[in-house]
Amino acid sequence: MKVSSVSLSLAGLALTSTVQAAPEIEIGAEYQVNVVNTNDGLNDKDLGKQTKTTTFNLKGAKLVFRGKLSEEISWTVLYKAKESELERFYLTNRVNENLEVTIGKQKIKTYGLHRKLTSGVTTPVIAAYLNSNPLKDKVALDITYKLAGNLSLQLVDDYSKCASATTYTNNPTTNAVTASSSTSCTSWNQGNAEGIVTNSKETQTAQKQPAIALEWYGAFGEFSPLVQYAVYDLGKSSTASVGVRFKREALDAYLDYTMDTRNNKGVDPADPTRFIEKKDVYTGMVAYAEYKTGDYTPFVHVSTMGTDPYTAPGATDAAIVTAESNTAGSLNKNELTVAVGTHYDAWGTFYRPFIDVTMSSGEFVDPSDATKKKDLTRTDLVAGLIGKF
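In this text, residue positions in the sequence shown follow our numbering: the first is 3, and each later residue adds one.
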């Protein structure tokens, strides 16, 4: 839907309307529904006996509102109907033909081309490593300048990871129950020390500065290189991505690689009154290509995720295996996904059916020996409908 300016004319003479129309507004939507038949292969039930299931899923539904307050200032609101939450809302000021400034909750420019070009609503297959992204959609100030493409600087609401806990104590004499709460933070930029280190020599720092994300997305004809770098959690962690996209007529393909080095906050085993950095390293790679042939657009997706987690000095073999292995039924530590399928595009972007076969594998703790890993693979047959307008 659009609401735009009104003008009147009579016998070739332009007349100014006495009624001022509302600024231009556009309303759209994005959605995905699918049917998945899976062998449930990532759940090692009864030592190898999985249960095949078929489920119908509303994977996502979003409403998009866009408008202009003037020729220079526009706004965007993205509402996630399934989750009943505002995903993004921001204002953009086009200062001149080369410079734009955006402020509000927006997509942060991290985790490569796969994050930049796709979403769970409009793309059948999403790489598992995107779940490790610490910045995702955040409040930010974005300054973008055209320089052989787009060069962007974002000042971002910084990352933090804190959890509250309540402890209940019973007095046997009075039978009264007393509740006490504490906050435990594995990030460095906010919260309090209680729950991590008692009577610590060090205190946690309250957030004092934004995270910083830099991106250059180049434009050289059919090739678009990408470089991203971000520093977050009071400068103690960082993420970097590089990639390239090739787009020509019917072919659209890209390759990217991401490394995220995260220093979580933990207790020094040698001195329980001090903090140490517990470094986890996440790496991810995605290769994607689609080729339009008439009414069909076949695609192939390959993605990997690797995690090098912190393990305490002297940890047992079982503890190391647990730290490096995926949790039951999930792909959150290591992953290989291969998918092939096709879209049917005869009905345009509003109705875009697809089918695909997706094979995902990862390493899990062997239920028969906790000191060893076991490879498990899940195969999904998917048919669905995605679209946006």
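Beta carbons are placed, not taken as given, at the ideal position from N, Cα and C, and that holds for glycine.
- Residue state for Val323 is assigned as helix, using DSSP reduced to three classes.
- Secondary structure at Leu44: coil, using DSSP grouped into helix, strand and coil.
- Cβ neighbours of Ala232 within its own chain (closer than 6 Å, five residues either side excluded): Thr112, Ala215, Thr241.
- Taking all protein chains in view, the Cβ of Glu28 is surrounded by fewer than 16 other Cβ atoms within 10 Å, so the residue is classified as exposed.
- Secondary-structure assignment with DSSP links Gln230 through a beta bridge to Glu217, Ser243.
- Residue range 114-119 is occupied by the alpha helix (DSSP H) that includes Lys118, with no beta strand (DSSP E) assigned at that position.
- In this structure, DSSP gives Tyr353 a state outside helix and strand, which the three-state scheme calls coil.
- Judged by DSSP in its simplified three-state form, Ser134 adopts helix.
- When the five nearest sequence neighbours on each side are left out, the beta carbons in the same chain lying within less than 7 Å of the beta carbon of Tyr353 are those of Leu387, Gly389, in order along the chain.
- Sequence-distant Cβ neighbours of Thr263 in its own chain, meaning closer than 7 Å and more than five residues away, are Ser239, Ser240, Lys281, Val283.
- Its Cα nearest to that of Ser121, the residue Lys82 stands out among Trp218, Lys82, Val158.
- Tyr290 counts as buried, since at least 16 other C-beta atoms from the protein chains shown sit within 10 angstroms of its C-beta.
- Listed in chain order, the non-local C-beta contacts of Arg250 below 7 Å within the same chain comprise Glu224, local neighbours out to five positions each way being set aside.
- Each of Ser134, Arg96, Ala252, Gly245 was checked against the Cα of Ala221, and the nearest Cα belongs to Gly245.
- Counting the other Cβ atoms within 10 Å of the Cβ of Val97 gives fewer than 16, which makes it exposed.
- Taking the C-beta atoms as reference points, Thr381 is found no nearer than 8 Å to Val323.
- As DSSP reads the structure, Tyr346 sits in a beta bridge with Tyr298.
- Rounded to the nearest whole angstrom, the CA to CA distance from Asp254 to Thr299 is 10 Å.
- Counted as a single uninterrupted DSSP element, the stretch harbouring Gln192 is not any beta strand (DSSP E), since DSSP gives it neither H nor E.
- Beta-bridge analysis with DSSP links Ala167 to Ser184.
- Residue Tyr131 holds the alpha-carbon nearest to the alpha-carbon of Leu115 among Ala321, Gly106, Tyr131, Asn334.
- For the beta strand (DSSP E) assignment, the uninterrupted runs of no fewer than 3 residues enclosed by the stretch 55-132 are, from N- to C-terminal side, 55-70, 75-82, 87-98, 101-109.
- Around the beta carbon of Pro369, fewer than 16 other beta carbons sit within 10 angstroms, so the residue counts as exposed.
- In the pairwise beta carbon analysis, the stretch 326-341 is classified as touching the stretch 356-371: at least three pairs are separated by under 8 Å.
- Cα atoms of Tyr259 and Gly296: separation of roughly 31 Å, rounded to the nearest angstrom.
- When secondary structure is reduced to three states using DSSP, Glu26 falls in the coil class, being assigned neither helix nor strand.
- Excluding sequence positions up to five before and after Asp139, its CB lies within less than 8 Å of the CB of Glu89, Arg90, Lys107, Gln108, Lys109, Ile110, all in the same chain and listed in chain order.
- For Lys140, the uninterrupted beta strand (DSSP E) segment begins and ends at 139-148.
- For Ala385, the enclosing beta strand (DSSP E) has its first and last residue at 371-390.
- Shortest Cα-Cα distance from Glu326 to any of Tyr234, Met307, Glu102, Val342 involves Met307.
- Between His345 and Val127, the C-beta spacing is not below 8 Å.
- Following the DSSP letters along the chain, one finds Tyr256 inside the beta strand (DSSP E) bounded by residues 253-270.
- Counted as a single uninterrupted DSSP element, the stretch harbouring Pro174 is not any beta strand (DSSP E), since DSSP gives it neither H nor E.
- By the criterion of a C-beta distance shorter than 6 Å, Gly43 is surrounded in its chain by Gln52, Leu378, Thr379, Arg380, once the five residues flanking it on both sides are discounted.
- Look at Pro274 here: in three-state DSSP terms it is strand.
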